[in-house]
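If you read the sequences in order, they're chains A and B. Per our numbering, the very first residue in the first sequence carries number -15; after that it's consecutive. Per our numbering, the very first residue in the second sequence carries number -15; after that it's consecutive.
There are 2 protein chains.
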Amino acid sequence: MKTKPLILISNDDGITSKGIRTLVELMSELGEVVVVAPDKPQSGMGHAITVNESLRLYKTDVFEDLGVEAYECSGTPADCVKLAKHHVLKDRKPDLVVSGINHGSNISVNVLYSGTMSAAIEAAIEGLPAIGFSLCDYAHNADFSHIRGYVKRIASEALRNGIPKYVALNVNFPAIMQGEIKGIKICRQARARWQENFDERKDPHGRLYYWLVGDFINEDPGQDTDVWALDNGYISIVPCRFDMTCYESFPAISQWEL
Amino acid sequence: MKTKPLILISNDDGITSKGIRTLVELMSELGEVVVVAPDKPQSGMGHAITVNESLRLYKTDVFEDLGVEAYECSGTPADCVKLAKHHVLKDRKPDLVVSGINHGSNISVNVLYSGTMSAAIEAAIEGLPAIGFSLCDYAHNADFSHIRGYVKRIASEALRNGIPKYVALNVNFPAIMQGEIKGIKICRQARARWQENFDERKDPHGRLYYWLVGDFINEDPGQDTDVWALDNGYISIVPCRFDMTCYESFPAISQWEL
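So this is what it looks like as structure tokens:
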């Protein structure tokens, strides 16, 4: 008899967020779940790891009602996956690592800033099949009900087919009603950037401080991108690698007089 | 008469590190330099950005002896580049953005964890030519003297030829004597990972905590990688892109029943 698949879950919004609870509920229907997630929000942490400080890791009963083993960690999402793989699970190898469901979009270049995706990419570096799920709704109490079926189906297919090695899927859901979702597109990452502004304020002591605010600028006219898919009512899946080498640049740089 | 090129400098070891001072000295010989760098070490910060807290930015006289305008920032390396581009430099567009010189290696997958490279990649996202420099020596008082000529030459060639758009160069120097450096190789990022261990300790109150320690495992036998180049006495240059799409995975994922 085949044992149940082992599914590791992490996120970047913290272990008490609504998104990770939704994911734990859904993955519990597919296998045995272990959660190692940050004890506080870690949005925008990118692929940060904790090297100059020590880490705390505590067992928690936050998912006891679902019968799920869970640990909260003082570190980043990437730290959580490292701790899970090398300390919590030890010789048990997860069949799937899922991260999220993020409260907010992780499309285009945001994959680089995303703690959600850093957990998935960390797992991919370890050679584990991994998926990051994000809903394009930043609200604390975002409604995940309309995407539950999709999340479960994508994870099921990942368990059934496997994911190409060293690849993590970046899955984003539009914040629209169930009936309005047109389907799923496998996409490339759109070329986009943030047009930043810094909101300059004075503290009560008269010293300046700044808040990062910005507009997301899509510079990519392609209809095969994640931005296009979400703008047009589709769920986007971008398979992500962690080899950042730009092979196309080799000829140009080779001409330099070095 | 051509005006001097404008060169923006950041790093992740903090504005008072020896590596950034070396870089400021060298770049001052090539153009007008503006520094926006973290006010404290930010190693391992990956592409983190500060979204849930405000930022401080202060003008500092740390490079007054070199006649260089400098700002220290409470945020991450990526924050520094965003603040520099959109707030400090405003309408002035840098001809080159350089980051480092990092005290320690940023080869292979470490590009993802690297604050040094996140500054360079942030600049690349903005469409600016960018280079991250790292010396494979973690010492606080590392000796940069033998690589000064190389750093200056690589930056000069970048200014002269330009860097392909949306590409940041990841340059790593071996920690060996000048006469032993065999040359410069344009490389791909080696496939490698960290075999992590967590050093478990008890605090004075009897509670457990962990330090992340690990061994770097190169799983890539290729002789065209950055790891091979450095192990064999060469300087490595990896041109890095920020499109993480794994196009090769499209056919496999397209077969899924979604």
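Glycine included, every Cβ here is placed at the ideal spot set by N, Cα and C. Quantities reported herein were computed from a predicted structural model and do not represent experimental measurements.
For residue i, the first and last residue of its enclosing beta strand (DSSP E)
i	result
Tyr194 (chain A)	192 to 202
Leu153 (chain B)	152 to 157
Arg225 (chain B)	From DSSP, Arg225 (chain B) is part of no beta strand (DSSP E); its letter is neither H nor E.
Asp63 (chain A)	Premise fails: Asp63 (chain A) lies in the alpha helix (DSSP H), 61 to 67, not in any beta strand (DSSP E).
Phe117 (chain B)	114 to 119
Thr44 (chain B)	41 to 44
Asp210 (chain B)	From DSSP, Asp210 (chain B) is part of no beta strand (DSSP E) but of the alpha helix (DSSP H) over 210 to 215.
Ala54 (chain A)	53 to 57
For residue j and residue i, the rounded distance between their alpha carbons
i	j	result
Arg137 (chain B)	Gly15 (chain B)	13 Å
Pro205 (chain A)	Thr0 (chain B)	43 Å
Met(-15) (chain B)	Asn156 (chain B)	Because the pLDDT at Met(-15) (chain B) is just 48, under 50, the model does not fix this residue reliably, and the point stays unresolved.
Arg172 (chain A)	Asp215 (chain A)	14 Å
Asp(-4) (chain B)	Ser27 (chain B)	6 Å
Ile168 (chain A)	Gln207 (chain A)	14 Å
Asn145 (chain B)	Val72 (chain A)	50 Å
Lys166 (chain A)	Leu119 (chain A)	15 Å
Gln162 (chain B)	Ile131 (chain B)	7 Å
Lys251 (chain B)	Leu143 (chain B)	The requested residue 251 (chain B) does not occur in the structure, where chain B is confined to residues -15 to 242.
Lys104 (chain B)	Tyr150 (chain B)	According to the sequence shown, residue 104 (chain B) is Ala rather than Lys. Taking the straight line from one Cα to the other gives about 10 Å.
Phe226 (chain A)	Met228 (chain B)	7 Å
Met164 (chain A)	Thr6 (chain A)	The displayed chain sequence assigns Glu, not Met, to residue 164 (chain A). For Glu164 (chain A) and Thr6 (chain A), the distance between alpha carbons rounds to 21 Å.
Leu80 (chain B)	Lys69 (chain B)	12 Å
Cys230 (chain B)	Gly190 (chain A)	49 Å
Phe234 (chain B)	Arg175 (chain B)	21 Å
Ala114 (chain A)	Gly217 (chain B)	36 Å
Asp63 (chain A)	Asp23 (chain A)	12 Å
Pro25 (chain A)	Gly(-2) (chain A)	5 Å
Lys186 (chain B)	Ser58 (chain A)	16 Å
Lys43 (chain A)	Lys74 (chain B)	48 Å
Asp199 (chain A)	Arg177 (chain A)	8 Å
Val35 (chain A)	Pro158 (chain B)	22 Å
8 Å Cβ cutoff met for residue i and residue j
i	j	result
Tyr194 (chain B)	Ser38 (chain A)	yes
Val52 (chain B)	Ser83 (chain B)	no
Pro148 (chain A)	Leu112 (chain A)	no
Ile91 (chain B)	Ile237 (chain A)	no
Thr60 (chain B)	Gly99 (chain B)	yes
Ala152 (chain A)	Cys224 (chain A)	yes
Val93 (chain A)	Ile109 (chain B)	yes
Glu241 (chain A)	Glu203 (chain B)	no
Ala126 (chain A)	Lys2 (chain A)	yes
Leu(-8) (chain A)	Phe182 (chain B)	no
Val135 (chain B)	Ala107 (chain B)	no
Ala21 (chain A)	Ile4 (chain A)	yes
Ile201 (chain A)	Gln179 (chain A)	yes
Leu50 (chain A)	Val8 (chain A)	yes
Val274 (chain B)	Tyr55 (chain B)	With chain B running from -15 to 242 in the structure shown, residue 274 (chain B) is simply not present.
Residue i, buried or exposed, once every other Cβ within 10 Å from all chains shown has been counted against 16
i	result
Asn86 (chain B)	buried
Tyr97 (chain B)	buried
Thr209 (chain B)	buried
His31 (chain B)	buried
Asn154 (chain A)	buried
Glu48 (chain B)	exposed
Ser129 (chain B)	exposed
Arg76 (chain B)	exposed
Gly88 (chain B)	buried
Glu184 (chain B)	exposed
Asp45 (chain B)	exposed
Pro188 (chain A)	exposed
Glu232 (chain B)	exposed
Leu10 (chain B)	buried
Counterpart residues of residue i in DSSP-defined beta bridges
i	result
Asn145 (chain A)	Paired residue(s): none; Asn145 (chain A) is not in a bridge.
Asn86 (chain B)	B:Ser118
Glu16 (chain B)	B:Leu(-10)
Arg266 (chain B)	With chain B covering only -15 through 242, there is no way to say anything about residue 266 (chain B).
Tyr134 (chain A)	Bridge partners of Tyr134 (chain A): none, in fact.
Gly167 (chain A)	A:Tyr218
Leu80 (chain A)	A:Ile(-9)
Arg281 (chain B)	Nothing in the structure corresponds to residue 281 (chain B), since chain B is present only between -15 and 242.
Glu184 (chain B)	B:Tyr194
Ala123 (chain B)	DSSP output for Ala123 (chain B) lists no bridge partner at all.
Pro22 (chain B)	B:Cys57
Closer than 8 Å to chain E by CB, residue i
i	result
Val211 (chain B)	Note that chain E does not occur in the displayed structure, where the protein chains are A and B.
Residue range of the unbroken alpha helix (DSSP H) whose run includes residue i
i	result
Ala103 (chain A)	99 to 109
Ser238 (chain B)	234 to 238
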